[in-house]
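Structure first, then comments.
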Amino acid sequence: MVEISVLVGRSSLPMHQLLRMGRGAVIPLTASPNDPVWVLVNNHPVARGDIQLDDDKISVEITDEADVFDYLAGP
305 MVEISVLVGR SSLPMHQLLR MGRGAVIPLT ASPNDPVWVL VNNHPVARGD
355 IQLDDDKISV EITDEADVFD YLAGP
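Listed below in structure tokens is the structure:
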């Protein structure tokens, strides 16, 4: 069995700020709503994709192979 994850964005914050967060806290991401997402399999980038919304369902349309160097470079 493999684990598939979708990475929508990234964020960096100081540990003390993270520890103070509670329910309802908002973590800003380095992404906008139309940015492509990363598709990870067992924490390894394998593809890029676009979020698709269809009524109450969310899916990811695969658009490209992953470039590991782009993934490691971050936003």
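So the sequence shown is numbered by this note's numbering: it starts at 305 and just counts up by one. We treat Cβ as the ideally placed atom computed from N, Cα and C, and that holds for glycine. Quick caveat: nothing in here was measured; it's all calculated off a predicted structure.
Bridge partners of residue 357 according to DSSP: 362. The beta carbon of residue 369 is closer than 7 Å to those of 351 in its chain, skipping five residues each way along the sequence. Between residue 353 and residue 372, the C-beta spacing is not below 7 Å. In the DSSP secondary-structure assignment, residue 308 is bridged to 345. If you draw a straight line from the Cα of residue 334 to the Cα of residue 356, it is about 19 Å long.
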